[in-house]
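Chemist: Handing you this structure, nothing more for now.
In full-length UniProt numbering, the protein residues as written are 1 to 628.
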C-alpha cells in the first residue's frame, strides 16, 4: 500500500472487515465450555454485517467498528442429545466496554430438554466471548497500523516518480499499436467476498433454484437472457445481461462453482463464485455459503449488496422460508410492541385505518407448547388496541386474535397430541373505531384452512354482515354529500370463497378487510415445481377477482408473502412481497370514487336485493362447505 501523507497528518482509512471476520472466526471457534456431561462450543460465524476500519489522523491510530455478529454454537446434553443454535450480538462496537455487549441466544428446534446447553452457553461461553471481543481493537492496530503510518522521518513523496508528459499527437496521427491491447493486458487488482445465509428449505431445492431456468426466471423476475443449461461450460446471462457467467463445477445438491461477473466490471474479467449448500437435517435449515475470488477492488461492497438484494432477498421473497413451529415467536408483549410502533407511525403519516396480519401476536404454531397460553394472553391485548384507537384517532383492525374458550366440543379430526386439547379456540377479527375505541365489527373465521381444522373451531354465526365505519366517501348523487363507508371482515382462507364477499356486498360493504397468514411456501413441492409463484399468484389473482366481482375494495394484509389492496378497474394497489421473516409497513391511498366508476360499468349493485344475490342460498353453500 503506497502512502502520500507527510508526517502522518491527514486522515487515512483502511477497510479491515475481511481481516476482522477471519480473526474473529479463528479466535471464537476455539471457545468451548463444559459442565458435567453438558458441553457447548462456538462452531462458526454465520454472518457479520457492518464496517471495520483502522484509521489514523495526526499520527494517532484508531479503530472504528460497528457490526452485527451471528455465531453458531453446538453442544450436547447430559443424555448425549446434540444441540445447536445461534448467538446474536446486535452490536459489536469500538465504543462498548466488556460488560456492555448484548447476547441473544436461540436454540434450533427449541425444546425443554435442550435448555441445559443454552444455560451453559449463557453462563460459560458468553464471558469468554466478552473477553475475546475486547481484544479485537488492539489486534486491528497491531496488524494494520503499519499500513497507514509512515516511519518517523520518512517522506515517501521523495520516492514518487514524476509524471511523464506525453508529446502532443496530431488528430490525424495513427494511435499507438498498444491501445488495442489495453483490455487484454489490463491487470485487475482483486479481493475475495464471502457470505453465509440461512434458508429454511432443503439443499436440493436451493440447488435447483440456481440451476433450473424456471426458478431462475422466478426470482430474477425475467427469463434468463442466455441459458445454455446447468452443465459444465453452460453459459448464462441474468438480469437482462447485467450478470453473466458460466458453470464451472456442479455437484448436486451441495456445490455450484461459476465464473461470474457484473456488466460494469472491466471487460473480460470474471470472478470465481463458489456456492455450497450445507443442510442440517436436525434443525431443518440449509446454510448457503458463498465465496467470490477475483472481485475487482472497489467492487466488494456493491457486489455483496447486489447479492443480498437481488439473490438472497429475492429468493426468500419468491419462494418463502417455511417457519419452524418451535422457533416461532410467541412473545405476545414484544409482538404487541412492534405492532404498536407500526400503528403510531401510520397515524403520524395520516393513515385512517391500520390493518395487522392474522396471528400477529402469537404466530401460527399450534404444536408449540406455549401456543394456548400465549393465545389466552393475546385476548387481553384487545383493550390495548382500543386505547390506541382512542389516543391516535385511527381505525384499527388488529389482525386476528386467537381466543381460548372452554371446549364445547372437539374440532373435527382433532389430533390427540394437539396442544389445544380441552379448549375451544376461535380465530377472531375486530374493527376498532377511531376516536371512541368501540368495537364496530367482530368476525369468527368460518372457512378454516385444512391445517387449522384440528385445532380451531369454525364460526357458525348467521350470514356475513357489514357495518358502518367512521370512514366516509361521497354519495352517488354527486352533490358532494358524504356517507359512511361500510366494511366487512373476513380472514385468510375466506379469500377463496366468493360467496362470503357476495354476502358482505349484499349488505352494503364498500370495503372488505382480510387479515391473513398465507405463506408463499404453503403449496407443496409438486405445486411449486409447476409454478414456483403459485401461492403469490393465488392471493393476488383472488383478491383482484373479488374486487371486480363485487365492486368493492379489498385489503389483504399478510404475515409474510404477498400483501396488497385491490380495487375494481385499477386492480392491485400498493403491493408488498416479503420474505417470511421481514416486517414492513406500507401506506396505501384508496380512492373510493373508483367504486362508482366500476358500478357504472358492471352494475353489480343493481342486483342487491335480488333473489340469490348474497342471500340465504349462498350462506347455505358456505355453511355446507364449512362442514366438509
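The C-beta atom is built at its ideal place from N, Cα and C for all residues, glycine as well.
This structure is a prediction, so every number in the text was calculated from the model and none was measured.
Write down every uninterrupted run of the beta strand (DSSP E) in the region 420 to 453 whose length is 3 residues or greater and which is fully enclosed by it, in chain order.
Modeler: Within the region 420 to 453, the complete beta strand (DSSP E) runs of at least 3 residues are 423 to 432, 439 to 444.
Chemist: Helix, strand or coil for residue 196 per DSSP?
Modeler: As a working mapping, residue 196 is identified with position 196 in the chain shown. Residue 196 falls in the strand class under three-state DSSP.
Chemist: To which residues of the same chain is residue 569 closer than 7 angstroms at the C-beta, ignoring the five residues directly before and after it?
Modeler: Along the chain shown, one-based indexing puts residue 569 at 569. The answer, listed in chain order, is 594, 597, 598.
Chemist: Within 8 angstroms, do at least three Cβ pairs link the region 233 to 246 to the region 541 to 556?
Modeler: Contact fails: fewer than three Cβ-Cβ distances are below 8 angstroms.
Chemist: Which runs of the alpha helix (DSSP H) fall wholly inside the region 507 to 534 and span at least 4 residues, in chain order?
Modeler: Entirely contained in the region 507 to 534, the alpha helix (DSSP H) runs reaching 4 residues are, in chain order, 525 to 530.
Chemist: Use the C-beta contact count for residue 520: other C-beta atoms within 10 angstroms, 16 or more gives buried, fewer gives exposed.
Modeler: Indexing the chain shown from 1 puts residue 520 at position 520. Flag for residue 520 reads buried.
Chemist: Can you list, in chain order, the residues of its chain with a C-beta nearer than 6 angstroms to that of residue 265? Leave out the 5 residues immediately preceding and following it.
Modeler: Within the chain shown, numbered from 1, the residue matching residue 265 stands at position 265. Hits under 6 angstroms: 296.
Chemist: Buried or exposed for residue 469, going by 16 or more other Cβ atoms inside 10 Å?
Modeler: As a position in the chain shown, residue 469 is number 469, starting the count at 1. By the neighbour-count rule (16 or more Cβ atoms within 10 Å), residue 469 is buried.
Chemist: What does DSSP give as the partner residue(s) for residue 488 in the beta ladder?
Modeler: Walking along the chain shown from the start, residue 488 turns up at place 488. According to DSSP, which records beta bridges pairwise, residue 488 is partnered with 512.
Chemist: Please look up how many angstroms separate the CB atoms of residue 426 and residue 465, rounded, as I've assumed it's under 8 angstroms.
Modeler: For this step, residue 426 is matched to residue 426 along the chain shown. For this step, residue 465 is matched to residue 465 along the chain shown. So it is not a contact: roughly 17 angstroms between Cβ atoms.
Chemist: Going by beta carbon distance, what residues of the same chain come within less than 6 angstroms of residue 342, once the five residues before and after it are set aside?
Modeler: Within the chain shown, residue 342 is the residue found at index 342, counting from 1. Here the set comprises 585.
Chemist: Where do the N-terminal and C-terminal ends of the beta strand (DSSP E) with residue 394 fall, by residue?
Modeler: For the purposes of this step, residue 394 is taken as the residue at position 394 of the chain shown. Where residue 394 is concerned, there is no enclosing beta strand (DSSP E), given that its DSSP letter is neither H nor E.
Chemist: Suppose contacts are defined by Cβ-Cβ distances below 8 angstroms. Is residue 467 in contact with residue 487 by that definition?
Modeler: As a first step, residue 467 must be located in the chain shown, where it is residue number 467. As a first step, residue 487 must be located in the chain shown, where it is residue number 487. For residue 467 and residue 487, yes; Cβs fall inside 8 angstroms.
Chemist: Take residue 275 as the anchor and find which of 23, 299, 307, 130 has the nearest alpha-carbon.
Modeler: Working through the chain shown from its first residue, we reach residue 275 at position 275. It is 307.
Chemist: Hey, residue 44 and residue 32: beta-carbon distance below 8 angstroms or not?
Modeler: By one-based count along the chain shown, residue 44 stands at place 44. By one-based count along the chain shown, residue 32 stands at place 32. It is not a contact, given that the beta carbons lie outside the stated cut-off.
Chemist: Quick check: what's the CA-CA separation for residue 317 versus residue 91?
Modeler: On the chain shown, residue 317 is found 317 positions in, with the first residue counted as 1. On the chain shown, residue 91 is found 91 positions in, with the first residue counted as 1. Going from the Cα of residue 317 to the Cα of residue 91 covers about 26 angstroms.
Chemist: Given this structure, state the Cα-to-Cα distance separating residue 567 from residue 544, to the nearest angstrom.
Modeler: The residue labelled residue 567 in the question sits at position 567 within the chain shown. The residue labelled residue 544 in the question sits at position 544 within the chain shown. Their backbone Cα atoms lie some 7 angstroms apart in a straight line.
Chemist: Going by C-alpha to C-alpha distance, which of 200, 429, 537, 376 sits closest to residue 286?
Modeler: Locating residue 286 in the chain shown gives position 286, counting from the first residue. The shortest C-alpha separation from residue 286 is found at 200.
Chemist: Name the DSSP beta bridge partners of residue 245, please?
Modeler: As a first step, residue 245 must be located in the chain shown, where it is residue number 245. The partner list for residue 245 (beta bridge, DSSP) reads 236, 260.
Chemist: Quick one: what does DSSP say residue 19 is sitting in, helix, strand or coil?
Modeler: Taking the first residue of the chain shown as position 1, residue 19 is located at position 19. Residue state, collapsed to three classes: helix.
Chemist: Would you decide whether residue 368 is buried or exposed? Buried here means 16 or more other CB atoms lie within 10 Å of its CB.
Modeler: In the chain shown, the residue the question calls residue 368 occupies position 368. When all chains shown are included, residue 368 counts as buried.
Chemist: How many Å lie between residue 177 and residue 525 at the Cα?
Modeler: On the chain shown, residue 177 is found 177 positions in, with the first residue counted as 1. On the chain shown, residue 525 is found 525 positions in, with the first residue counted as 1. Residue placement at residue 177 is flagged as unreliable, the pLDDT there being 32, under the threshold of 50; a coordinate-derived value is accordingly withheld.
Chemist: Nearest CA to the CA of residue 373: which residue from 29, 518, 403?
Modeler: Translated into positions along the chain shown, residue 373 becomes position 373. Residue 403 is the option with its Cα nearest to residue 373.
Chemist: What does a CB cutoff of less than 7 angstroms around residue 588 pick up in its chain, not counting 5 residues either side in sequence?
Modeler: For the purposes of this step, residue 588 is taken as the residue at position 588 of the chain shown. The answer, listed in chain order, is 565, 573, 574.
Chemist: Using CA atoms only, rank isn't needed, just tell me which of 493, 443, 475, 423 is closest to residue 449.
Modeler: On the chain shown, residue 449 is found 449 positions in, with the first residue counted as 1. The candidate whose alpha carbon is nearest that of residue 449 is 493.
Chemist: Ordered along the chain, which non-local residues of its own chain (more than five positions away) have a Cβ less than 7 angstroms from that of residue 357?
Modeler: If you number the chain shown from 1, residue 357 lands on position 357. Same-chain partners within the cutoff: 399, 515, 516, 517, 557, 558, 559.
Chemist: With burial defined as no fewer than 16 other Cβ atoms inside 10 Å of the residue's Cβ, what is the status of residue 187: buried or exposed?
Modeler: Locating residue 187 in the chain shown gives position 187, counting from the first residue. Looking at its Cβ environment, which holds fewer than 16 other Cβ atoms inside 10 Å, residue 187 is exposed.
Chemist: Evaluate contact between the region 100 to 114 and the region 78 to 87, counting only Cβ atoms and requiring at least three cross-stretch pairs below 8 angstroms.
Modeler: Yes, the region 100 to 114 is in contact with the region 78 to 87.
Chemist: Verify whether the separation of the beta carbon atoms of residue 94 and residue 70 is less than 8 angstroms.
Modeler: Taking the chain shown and counting its residues from 1, the one referred to as residue 94 is at position 94. Taking the chain shown and counting its residues from 1, the one referred to as residue 70 is at position 70. No. Outside cutoff.
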